[in-house]
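The structure appears below as structure tokens.
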């Protein structure tokens, strides 16, 4: 119970289990993705895309190489860039402004 924290989508001031007060948080990391009480995923989306951009920069020499065929480069991007950029996208809440 010492490590237990509580997050709710609505207002929640306090919560007790067996007489112990639980800490109320507004966000937490779950399986590597940041979950917020208000459902705002814009920072998480930006973070993942920046990580994807960084992964792309790390493979820059491979992507720009003339010795590697285009289909091979596409396979590399699909295997090594997309998973980094899209990790956790199943839980993202996308608003019209972010679409």
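In UniProt numbering, the protein residues as written are 1 to 99. Heads up, the beta-carbon is just placed ideally off N, CA and C, and yes, glycines get one too.
Query                                                                                          : Result
Alpha-carbon spacing of residue 15 relative to residue 3, whole angstroms                      : 14 Å
Separation of residue 82 from residue 75, as counted between CA atoms                          : 10 Å
At least 3 beta-carbon pairs within less than 8 Å: the segment 54 to 70 vs the segment 3 to 13 : no
Straight-line gap, residue 56 to residue 44 (C-alpha atoms, nearest Å)                         : 18 Å
Burial state of residue 48, where buried means 16 or more other Cβ atoms lie within 10 Å       : buried
Residue 111 versus 35, 62, 78, 53, residue with shortest Cα-Cα distance                        : The structure shown does not extend to residue 111, since the chain spans only 1 to 99, so no value can be given for it.
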